[in-house]
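> First to last, the sequence lines map onto chains B and W. When we follow the working numbering, the leftmost residue of the first sequence carries the number 1, and every step to the right adds one. When we follow the working numbering, the leftmost residue of the second sequence carries the number 339, and every step to the right adds one. Think of the CB as a built atom: it goes at the ideal place given N, C-alpha and C, for glycine as much as any other residue. Can you read through this structure? Questions will come right after.
Protein chains: 2
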Amino acid sequence: MVTIKDVAKISGVSPSTVSRVIANNPRISEETKKKVRKAMKELGYHPNVNARNLVAKSTKAVGVIMPSSTNTALQNPFFPEILRGIGSVIHDAQYSMYLSTGETEEEIFKEVQRLVYGSYVSGVILLYSRINDKVTDFLREQDFPFIIVGKPYDYETEISHVDNDNFKAGKEITNHLINMGHSRIGFIGGSRDLFVTRDRENGYLAALDEAGIEHREEYKIHTEFLKSGGREAVEHLMSLDTLPTGLVVSDDLISLGILSMLEEYGIRVPQDISLVSFNNVYLSEITRPALTTVDIQIYELGAQSAKALIEKTQNKNEPTKRIIIPYKIVYRDSVSKC
Amino acid sequence: MVTIKDVAKISGVSPSTVSRVIANNPRISEETKKKVRKAMKELGYHPNVNARNLVAKSTKAVGVIMPSSTNTALQNPFFPEILRGIGSVIHDAQYSMYLSTGETEEEIFKEVQRLVYGSYVSGVILLYSRINDKVTDFLREQDFPFIIVGKPYDYETEISHVDNDNFKAGKEITNHLINMGHSRIGFIGGSRDLFVTRDRENGYLAALDEAGIEHREEYKIHTEFLKSGGREAVEHLMSLDTLPTGLVVSDDLISLGILSMLEEYGIRVPQDISLVSFNNVYLSEITRPALTTVDIQIYELGAQSAKALIEKTQNKNEPTKRIIIPYKIVYRDSVSKC
DNA sequence: CTGTTAGCGCTTTCAG
DNA sequence: CTGAAAGCGCTAACAG
Chain B
1 MVTIKDVAKI SGVSPSTVSR VIANNPRISE ETKKKVRKAM KELGYHPNVN ARNLVAKSTK
61 AVGVIMPSST NTALQNPFFP EILRGIGSVI HDAQYSMYLS TGETEEEIFK EVQRLVYGSY
121 VSGVILLYSR INDKVTDFLR EQDFPFIIVG KPYDYETEIS HVDNDNFKAG KEITNHLINM
181 GHSRIGFIGG SRDLFVTRDR ENGYLAALDE AGIEHREEYK IHTEFLKSGG REAVEHLMSL
241 DTLPTGLVVS DDLISLGILS MLEEYGIRVP QDISLVSFNN VYLSEITRPA LTTVDIQIYE
301 LGAQSAKALI EKTQNKNEPT KRIIIPYKIV YRDSVSKC
Chain W
339 MVTIKDVAKI SGVSPSTVSR VIANNPRISE ETKKKVRKAM KELGYHPNVN ARNLVAKSTK
399 AVGVIMPSST NTALQNPFFP EILRGIGSVI HDAQYSMYLS TGETEEEIFK EVQRLVYGSY
459 VSGVILLYSR INDKVTDFLR EQDFPFIIVG KPYDYETEIS HVDNDNFKAG KEITNHLINM
519 GHSRIGFIGG SRDLFVTRDR ENGYLAALDE AGIEHREEYK IHTEFLKSGG REAVEHLMSL
579 DTLPTGLVVS DDLISLGILS MLEEYGIRVP QDISLVSFNN VYLSEITRPA LTTVDIQIYE
639 LGAQSAKALI EKTQNKNEPT KRIIIPYKIV YRDSVSKC
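Encoded structure:
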C-alpha cells in the first residue's frame, strides 16, 4: 500500500505538506501542490479512509436501515428507488452508504448499536417508522444524528423527518373518487402499525366526512402488507351485501394483488369498481388497467433525507426539520365515473 | 468516547490486556476477563472500528455494486431480495455492507476505485455482468477479491461467480411449452448486453433445436429492459402474419408489461398465448394469470455470493469458484395446452 | 498470564 | 509557505 510518506519522499516534501495538498490547503504554493499531485498520480496514491477517520473522529458515511424483512414487503420497488435517491446525494457529497438489513427488530437494533458505537457511520436514515421502536429511542437517547423517512411516532418536533403529506394525499385522491360520483368507497391498507397507512386512511376518512358520506367499518380493510396478494381483503369485500364502487388502496403493490383477485371474481376495473392507490412505482403503469395513483416522488424522499442528514452530521446544531415532499396525482385508467 | 484505555484504567489492567479480552484470547485468565468485561459494560465501551481496521490493514466490510441506474430497471424487486440474501450472511459474519449506486458506468467505476484504494472494503460483489466492463477489469488487475452475480463475460475461470444455469433453465422452461404442444414459440428478452438474457435465449434456442423446431428471427425480440412496458415487443408481435402461441420472457417484470399489452390487443393468456418467464419475484404470483416462471432463488444468489466473498477475503488463496444455484420451475396459470 | 512498546496512516498544532 | 512531532484507538510482538 502506498502511503502519504511515500508520496512525501518522492516529491521531496514532508508528510504534513502532502496532507495539506490533499486537503487543498491554500497556504501551500501552487508549485509544490503540482509537484505533490504528480507524485501521487505516479504512485497511485489514495488516502486511507480508516486512518483519516481515526484522527478526524468522524466518518463520512451514513447508515441506511431497512425495515425488518421477515415478510416479502421488502420486494417493494419502493426500496431500490429510495436507495437510488439516497445514493445520488451521498455520492455527490463524497459520503458512503452502509446498508443494514435484518430479519428481526432485535437484529436491526443490535446492528444499529454497532454502527453507532463503533463509529461506523456519522448518521443514520431509517426507512420505516413504527410505533414503539427501540431503534428510534436509542438514537434519540444517544443524540445521534438521524432522519426518519416517514412520520415519527413520537417526539415529532424533535426528530427530523422527510415525508409526504399523506393525509392530504389520501384526502385528495379520495376526493377524486367522490368527484367522479362515487359514494361507496372502501379503503384497503397495510399494517396500521405503519404511520403511512394511518395517514392515508385518515385522509380518506376526512374526505368522506367533508362530502357528508358516512363511514362504514366494513369498508375499511387492513391486510398484512403484501400477504396473500390481497386475497383476504377481496374475500371480505365479496362477503358484503353492497359492494363499494371505489377503492382507495394504500400501496401500488397491494393494488396489483387486489386487481388480480377482483378479476378472479369477475369484477372489472374500472367499470365495476374504481381503484386508486399510492406510490407510483414503475409497475403501476403496466398493470391492467394502469393505475391512477399518487406519485410520492420516492427518489426525492431519499435524496432529501440524505441531504438533511449530511447537513446534520456536519453541524450538530442544525435545527430539527420536517421536510414534506410534494406529491402529484397521476391520472390513468383505473377510475371511471359512477 | 470511551476507549480501551478507560476500560484498562477502571479494571486495573493494561490496554493490551483489554484488547486481548476483546479478542477473547485464551491466554487471559477467566478472572480478569470477567473483571474487564464488567468494566466495559459499565462504561459502555465499544471498539472503534477505524482504529481497528487501521492496524489490521483490512476491513470487515464488503462493497455491493448495483448496476447503473439511468433506467427504471433498478425498480426490479430482484434487488431488494438479493440485498436481503447478502445482508443475512454479512450480518452473521459480523461484516458490514457498503452499497454503491451510480447513475453512469463512469460514476460507478470511480466509486469502486474509491472503495478499493481507500481501503473501505475488503471485497466487492457486482450485481451485474456486462461486456467490456471497466469495473471488472479494474478489480481483476488489482487482484482484489470480488464476486460477480451472474456470468463473467471474460476470464470465466478466473473470476468467482455465482449464477444459475440459465441456459438449462431456459431450455427446460421452453421444453415445458413444447411439451404442452406449442411449436410457434417466441422469446422476449432484455438487453443482449446482459449475459443472463443471452443464456436464457440460448437455452430457448437449444430446446427448439432439439425438438426440431426451426428458429424464426421475427420471434426473437429484445426490448430495452422495462422500457415502455413491453409495448414495442408486443407491437412487433402483432405485425406478424402468424402469431406465436407461446412466449418465453426473460424477466417477470417484463412479463407484467407484456401481459398488459397483450390484453390491450384482446389476446388472452393462456388461452391464446402461453407465457413463461424467469425470477419468481413476489409479483409473479399476483399477476393475472399467475406466472409459470423459473424460481432462481434470488435470496440464495445473494447469500452464496456473500459467503464466497467473505471466504475469499479471509484467504487470498481461496480457489476461483463457480457456484450454481439450483432453480426450480414454478407452475402456475400462464400456460395451457396448444 | 500480563505489561511495555512500537506503530498502523493520517491530521494538526506549533515552530520556523 | 513548510517541517517536526504528537497523537487518534487499537493490536501485536517482545519481554517478563
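Going by beta carbon distance, what residues of the same chain come within less than 7 Å of Lys659/W, once the five residues before and after it are set aside?
Correct list, in chain order: Ser498 and Ala646.
> Using the beta-carbon count (16 or more within 10 Å), is Asn363/W buried or exposed?
By the 10 Å Cβ count, Asn363/W comes out exposed.
> Hey, quick one: how far does the beta strand (DSSP E) through Arg322/B stretch, first residue to last?
Here the beta strand (DSSP E) through Arg322/B covers Arg322 to Ile325.
> Which residues in the same chain have their Cβ closer than 8 Å to the Cβ of Pro270/B, if we skip the five residues on either side of it in sequence?
Counting only Cβ-Cβ distances below 8 Å, and skipping sequence neighbours, we find Pro289, Asp333, Ser334, Val335 and Ser336.
> For the region 188-195 of chain B and the region 169-177 of chain B, state whether three or more C-beta atom pairs, one from each stretch, are separated by less than 8 Å.
Not touching, per the Cβ criterion.
> Using only CA atoms, which one of Lys373/W, Ser367/W and Ala389/W lies nearest to Thr341/W?
Nearest option by C-alpha distance: Ala389/W.
> On the DSSP bridge list, what partners appear for Tyr651/W?
First, the residue type needs correcting, since residue 651/W is Thr and not Tyr in the sequence shown. BP columns for Thr651/W are empty, so no partner.
> Would you list, in chain order, the members of the region 371-396 of chain W that have their beta-carbon closer than 8 Å to a beta-carbon of chain B?
Cβ contacts with chain B come from Gly382, His384, Pro385, Asn386, Val387, Asn388, Ala389, Asn391, Leu392 and Lys395.
> Under 6 Å from any heavy atom of the ligand SAH, does the C-beta of Ile90/B make it?
Because no ligand of any kind appears in the structure shown, any question about the ligand SAH cannot be addressed here.
> In this structure, does DSSP put Asp633/W in helix, strand or coil?
Note: Asp633/W maps to strand in three-state DSSP.
> In chain order, which continuous runs of the alpha helix (DSSP H) of length 4 or greater are located wholly inside the region 213-251 of chain B?
With a minimum length of 4 residues, the continuous alpha helix (DSSP H) runs that stay inside the region 213-251 of chain B are 231-238.
> Name the two residues that bound the continuous beta strand (DSSP E) containing Gly123/B.
Gly123 to Leu126 is the span of the beta strand (DSSP E), which, as asked, contains Gly123/B.
> Ser615/W and Ser593/W look like a contact to me (Cβ under 8 Å); what is the Cβ gap, rounded to whole Å?
Confirmed, about 4 Å.
> With a cut-off of 7 Å, does the C-beta of Ile221/B fall near any C-beta of chain W?
Cβ-Cβ to chain W under 7 Å: no for Ile221/B.
> Strictly under 7 Å for the Cβ-Cβ distance: is Phe187/B near chain W by that measure?
With 7 Å as the cut-off, Phe187/B does not count as an interface residue toward chain W.
> Cβ atoms of Tyr95/B and Lys60/B: under 7 Å apart, would you say?
Contact flag set, yes.
> Which class does Met599/W belong to by DSSP, given the choice of helix, strand or coil?
Of the three classes helix, strand and coil, the one that applies to Met599/W here is helix, per DSSP.
> I think Ala545/W touches Asn504/W, with their Cβ atoms under 8 Å apart; what is that distance to the nearest whole Å?
About 13 Å; that fails the 8 Å criterion.
> Could you tell me which chain W residues have their CB closer than 8 Å to the CB of Arg288/B, listed as they occur along the chain?
Going along chain W in sequence order, the residues near Arg288/B (Cβ under 8 Å) are Leu597, Ser598, Glu601, Glu602 and Arg626.
> Gly382/W: buried (16+ other C-beta within 10 angstroms of its C-beta) or exposed?
Result: exposed.
> Taking Cβ-Cβ distances below 7 Å as the criterion, which residues of the region 511-543 of chain W are in contact with chain B?
Correct list: empty, as no residue qualifies.
> So, are the CB atoms of Val64/B and Leu99/B less than 7 Å apart?
In contact: Val64/B and Leu99/B (Cβ atoms closer than 7 Å).
> Which chain B residues are close to Gln413/W, counting only those with a beta carbon under 8 Å from its beta carbon?
The contacting residues are Pro77, Pro80, Glu81, Val281, Tyr282 and Leu283.
> Along chain B, which residues have their Cβ under 8 Å away from the Cβ of Tyr455/W?
Result: Gly44 and His46.
> Can you tell me the Cβ-Cβ gap for Ile10/B and Glu31/B, rounded? I've got them flagged as a contact below 8 Å.
Between Glu31/B and Ile10/B the Cβ distance is about 16 Å, and since that is not below 8 Å, they are no contact.
> What's the C-alpha gap between Glu201/B and Val248/B?
Between Glu201/B and Val248/B, the C-alpha separation is close to 9 Å.
> What would DSSP say about Asn617/W, mapped onto helix, strand or coil?
If DSSP states are grouped into helix, strand and coil, Asn617/W belongs with the strands.
> Where does Asp683/W fall in DSSP's three states?
Here chain W comprises residues numbered 339 to 676, so residue 683/W is not present and cannot be evaluated.
> Leaving aside the five residues before and after Val330/B along the sequence, list all residues of the same chain whose C-beta is less than 6 Å from its C-beta, in chain order.
Taken in chain order, the residues that qualify are Asn280, Thr293 and Asp295.
> If you compare alpha carbons, which of Asp492/W, Tyr637/W, Met378/W and Ser426/W is closest to Met435/W?
Of Asp492/W, Tyr637/W, Met378/W and Ser426/W, the residue nearest in Cα terms is Ser426/W.
> Could you tell me the alpha carbon to alpha carbon distance between Leu515/W and Val487/W, rounded to whole angstroms?
Cα to Cα, Leu515/W sits roughly 28 Å from Val487/W.
> From Pro483/W, Pro418/W and Val345/W, pick the residue whose C-alpha is nearest to that of Ala377/W; which is it?
That would be Val345/W, whose Cα lies nearest to the Cα of Ala377/W.
> In terms of alpha-carbon separation, which member of Ile273/B, Pro80/B, Thr104/B and Phe187/B lies closest to Asp251/B?
It is Phe187/B whose Cα lies nearest to the Cα of Asp251/B.
> Alpha carbon to alpha carbon, how far is Tyr327/B from Glu106/B? Give it in angstroms, no decimals.
Going from the Cα of Glu106/B to the Cα of Tyr327/B covers about 34 Å.
> Which residue marks the beginning of the beta strand (DSSP E) containing Phe484/W, and which one marks its end?
Taken as a continuous stretch (DSSP letters only), the beta strand (DSSP E) holding Phe484/W covers Phe484 to Val487.
> Lys286/B by DSSP, collapsed to three states: which one?
Here the sequence assigns Ile to residue 286/B, which means Lys is not the residue at that position. Three-state DSSP puts Ile286/B in coil, outside helix and strand.
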